[in-house]
Amino acid sequence: MTKKKLNIGVLALQGCVDRHRPHIEAAGASFCAVKTPEEFESVDALILPGGESTTMLKLIDTFDLEESLKKVFAAKPVWGICAGSILMAETAYVSSRTNVRDLMQQREISPPCGRRDDSEEVQKSFGLLPITIERNGYGRQRESHNAVVDGFEVSFIRAPLVKAVNDNVEILASHDGTPVWLRSGRYMVTTFHPELTLSYPSPMHRAFIDLVRASA
Amino acid sequence: MSPKSPKGTANSGNVINLKTGLAEMLKGGVIMDVVTADQAKIAEDAGAVAVMALERVPSDIRAAGGVARMSPPELVEEIMASVSIPVMAKCRIGHFAEAQILEAIGVDYIDESEVLTPADEDYHIDKQQFKVPFVCGATCLAEGLRRIGEGAALIRTKGEPGTGNIVEAVRHMREINQDLKRVLTLDDAELMTEAKDLGAPFELLKIVRDEGGLPVPNFAAGGIATPADAALCMQLGAQTVFVGSGIFKSDNPANFAKAIVKSVAHFDDPKMVLEASKGLGEAMSGIEIAEIQDNMRMAKRGW
Chain D
4 MTKKKLNIGV LALQGCVDRH RPHIEAAGAS FCAVKTPEEF ESVDALILPG GESTTMLKLI
64 DTFDLEESLK KVFAAKPVWG ICAGSILMAE TAYVSSRTNV RDLMQQREIS PPCGRRDDSE
124 EVQKSFGLLP ITIERNGYGR QRESHNAVVD GFEVSFIRAP LVKAVNDNVE ILASHDGTPV
184 WLRSGRYMVT TFHPELTLSY PSPMHRAFID LVRASA
Chain Z
162 MSPKSPKGTA NSGNVINLKT GLAEMLKGGV IMDVVTADQA KIAEDAGAVA VMALERVPSD
222 IRAAGGVARM SPPELVEEIM ASVSIPVMAK CRIGHFAEAQ ILEAIGVDYI DESEVLTPAD
282 EDYHIDKQQF KVPFVCGATC LAEGLRRIGE GAALIRTKGE PGTGNIVEAV RHMREINQDL
342 KRVLTLDDAE LMTEAKDLGA PFELLKIVRD EGGLPVPNFA AGGIATPADA ALCMQLGAQT
402 VFVGSGIFKS DNPANFAKAI VKSVAHFDDP KMVLEASKGL GEAMSGIEIA EIQDNMRMAK
462 RGW
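First to last, the sequence lines map onto chains D and Z.
Per the numbering used here, the very first residue in the first sequence carries number 4; after that it's consecutive.
Per the numbering used here, the very first residue in the second sequence carries number 162; after that it's consecutive.
In structure tokens:
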């Protein structure tokens, strides 16, 4: 008897979705792009992909998907990548390491979306992992870089920076002294993009699918 | 990083996968032209994945005439300070000094754009020299591959900007799709002749044939004015849409912006596109392409 194939959903409201398909299929599971409540119910686990977290939050609100998402969060394994890790953090600071604050003061620009100060504005997140994360914490695209994590060359693209981690979170890999791959229970985050540079399946996809099997 | 620096290593960040990687993150989104920090905030609040910082939207560039140049640096900086999403800016075709300035400012993407008056009639920018990624327009596969050969990490259609008329963007999407279909059927001997006939780099054509598609993402731009226009481009194979004058020249920019974002997220579901199309008010007024004088056809700029 072969076991039923796992159905791994990737939130497909916006962002880097299709690049996960070959990794998921190579790890022996099925790929499914999800954006409707019915589709959420059909998956065994969910990947929150890279993209723009503000756009995803806006679309979750526009299409009334918060309840459906929370049902998945409450019962199934979830992996957040880059923007997805921002959505999963307990606290998500908005910042890009530019001279934003000086420039705003100098020009008397009012801060975006009601933010008071570029280091203190917090954006909405779902708090699945007790970590604090800073959006674009490494900087803008100019500061995007490839780095070797756990022996594998991966991309950090306008990546978020993990600033604080609660004790019960397991750090699976760090880079330059900062955790970049973490796990807590059935939740996993990577601040980098294993889907872009690694051969199929990436060790992170394999680890997530193992996690899904273990919690099934 | 200095644009003069030699070809990058993994650590310098001047590598194509980081450049195309950001474009991957922008997929399924809407990139909006904005001319002020306030417009940039309206765009971000509506769910834009990025904004294009401009001094004037294309329809105003068209109306103003004269030479259209890179936006003033202060304006680009102000827009960068106002939003948390990526900020793009345009330089003139071939004007690598403008591109160097934009890279020094720290914009996230540079559009070497036919919307501005070309600075060089023979040469596009050698984009390999830059760490910041470039997007370039293409009317067909060969033009796209020439730009990719120069280092572009993202291709977009050259729909006639500022017209609110989708016909040219559709022509370019169709053209690229037809070229792709043909190339995918060719063997190696035929591929070299195709490269000669198209004026496309052989090595890139081979990658297209072997990988079954373009080596970089492909977005739509030019003339998108309604949620239906956006859905049309997405269904023709665009992975994201740029909207220029279509938002801030409409009756109600915030509503139009939100509606186009909604439409792109569910481009293949007519009921959702219908929802997005209701209660919007007037779209920007459009221009019939045949009424535009030949020297004002921006798609003909660049090669």
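Every residue, glycine too, gets a C-beta built ideally from N, C-alpha and C.
Fair warning: this is a prediction, and the values are worked out from it, not measured in the lab.
ALA465 (chain Z) to SER424 (chain Z) span [Cα, whole Å]: Look at the range of chain Z in this structure, 162 to 464, and you will see that residue 465 (chain Z) is not part of it.
Please confirm whether VAL369 (chain Z) has its beta-carbon closer than 7 Å to some beta-carbon of chain D. Not an interface residue.
What separation, rounded to the nearest whole angstrom, lies between the Cα atoms of LEU201 (chain D) and VAL46 (chain D)? Distance from the CA of LEU201 (chain D) to the CA of VAL46 (chain D), rounded to the nearest whole angstrom, comes to 24 Å.
Measuring CB atoms only, is the segment 345-357 of chain Z touching the segment 294-301 of chain Z, in the sense that at least three cross pairs come out at less than 8 Å? Put simply, the segment 345-357 of chain Z does not touch the segment 294-301 of chain Z. Fewer than three CB pairs are less than 8 Å apart.
Within 10 angstroms of the Cβ of MET457 (chain Z), are there 16 or more other Cβ atoms? Answer buried if so, exposed if not. Looking at its Cβ environment, which holds fewer than 16 other Cβ atoms inside 10 Å, MET457 (chain Z) is exposed.
Find the residues of chain Z that neighbour THR58 (chain D), judging by a C-beta separation of less than 8 Å, and give them in chain order. Neighbours of THR58 (chain D) in chain Z, taken as residues whose beta carbon is under 8 Å from its own, are GLY190, GLY208, ALA209, VAL210, ILE246 and VAL422 in chain order.
Nearest candidate by alpha-carbon position, reference GLU311 (chain Z), set Z:ILE177, Z:SER406 and Z:VAL212: Among Z:ILE177, Z:SER406 and Z:VAL212, the Cα nearest to that of GLU311 (chain Z) belongs to Z:ILE177.
Bridge-paired residues (DSSP) for TYR141 (chain D): Partner(s): none; TYR141 (chain D) has no beta bridge.
Taking only heavy atoms of the ligand HEM into account, decide whether any of them is closer than 6 Å to the Cβ of LEU62 (chain D). As far as ligands go, the structure on display features none, and thus does not contain the ligand HEM.
First through last residue of the beta strand (DSSP E) which encompasses SER3 (chain D): The structure shown does not extend to residue 3 (chain D), since chain D is modelled only from 4 to 219, so the question has no answer here.
Within 7 Å (strictly less), CB to CB, does ASN338 (chain Z) reach chain D? Answer no: the Cβ-Cβ gap between ASN338 (chain Z) and chain D never drops below 7 Å.
In terms of alpha-carbon separation, which member of Z:ILE448, Z:GLY182, Z:MET445 and Z:ALA303 lies closest to GLY463 (chain Z)? If we check each option's Cα against that of GLY463 (chain Z), Z:ALA303 comes out closest.
Classification of LYS165 (chain Z) by the beta-carbon crowding that lies within 10 angstroms, buried from 16 upward: The predicted model places LYS165 (chain Z) with a pLDDT of 33, which falls under 50 and marks its position as unreliable, so this point remains unresolved.
Would you kindly report the start and end of the unbroken beta strand (DSSP E) that includes PHE295 (chain Z)? Run containing PHE295 (chain Z): 295-298, per the beta strand (DSSP E) assignment.
Span separating the alpha-carbon of SER71 (chain D) from that of SER128 (chain D): The alpha-carbon atoms of SER71 (chain D) and SER128 (chain D) are separated by roughly 15 Å.
Can you tell me which of Z:VAL276, Z:LEU341 and Z:ILE203 puts its alpha carbon nearest to the alpha carbon of ALA229 (chain Z)? In this structure, Z:VAL276 is the residue among Z:VAL276, Z:LEU341 and Z:ILE203 with its C-alpha nearest to the C-alpha of ALA229 (chain Z).
Should GLY267 (chain Z) be labelled buried (16 or more other beta-carbon atoms within 10 Å of its own) or exposed? With 16 or more other Cβ atoms within 10 Å, it is buried.
Are any of the Cβ atoms in chain Z nearer than 7 Å to that of HIS23 (chain D)? It does not; no Cβ of chain Z falls within 7 Å.
Measuring only between beta-carbons, confirm whether GLY373 (chain Z) sits less than 7 Å from chain A. Looking for chain A here will not work: the only protein chains present are D and Z.
Return the bridge partner residues of GLU372 (chain Z) from the DSSP annotation. The beta-bridge partner set that DSSP reports for GLU372 (chain Z) is empty.
Below-7 Å beta-carbon distance, GLY140 (chain D) vs any chain Z residue: Judged by the 7 Å Cβ criterion, GLY140 (chain D) is not in contact with chain Z.
Return helix, strand or coil for LYS410 (chain Z), following the three-state DSSP convention. Correct three-state label for LYS410 (chain Z): coil.
Below 9 Å between beta carbons is the criterion; list the residues of the segment 258-287 of chain Z that meet it against any residue of chain D, in chain order. If the cut-off is 9 Å between Cβ atoms, the segment 258-287 of chain Z has GLU264, GLY267, VAL268, ASP269 and TYR270 near chain D.
Taking any Cβ of chain Z, which residues in the segment 41-70 of chain D have a Cβ under 7 Å from it, in chain order? Of all residues in the segment 41-70 of chain D, GLY53, GLY54, GLU55, THR57, THR58, LYS61, LEU62 and THR65 have a Cβ within less than 7 Å of some Cβ in chain Z.
If you drop the 5 nearest sequence neighbours on each side, which residues of the same chain put their C-beta closer than 7 Å to that of VAL20 (chain D)? For VAL20 (chain D), where only same-chain residues beyond five positions count, the Cβ hits under 7 Å are VAL13, ALA36 and PRO52.
What residues of chain Z sit near CYS19 (chain D), judged by a beta carbon separation below 7 Å? For a Cβ distance threshold of 7 Å, residue set GLU185, MET186 and LYS188 of chain Z lies close to CYS19 (chain D), ordered along the chain.
Below 8 Å on the Cβ atoms is my guess for SER232 (chain Z) versus LEU215 (chain Z); work out the distance and round it to an integer in Å. Correct: roughly 6 Å between the Cβ atoms.
Sufficient close CB pairs (3 or more, under 8 Å) joining the segment 413-427 of chain Z to the segment 237-251 of chain Z: Here the segment 413-427 of chain Z makes no contact with the segment 237-251 of chain Z; the two share fewer than three CB pairs at distances below 8 Å.
Rounded C-alpha distance that separates LEU347 (chain Z) from ASP340 (chain Z): LEU347 (chain Z) and ASP340 (chain Z) have their C-alpha atoms roughly 11 Å apart.
Assuming ASP272 (chain Z) is part of the beta strand (DSSP E), what are its boundary residues? First-last of the beta strand (DSSP E) with ASP272 (chain Z): 270-274.
Between ASP194 (chain Z) and VAL210 (chain Z), is the Cβ-Cβ spacing less than 7 Å? VAL210 (chain Z) is positioned such that its CB atom lies no closer than 7 Å to that of ASP194 (chain Z).
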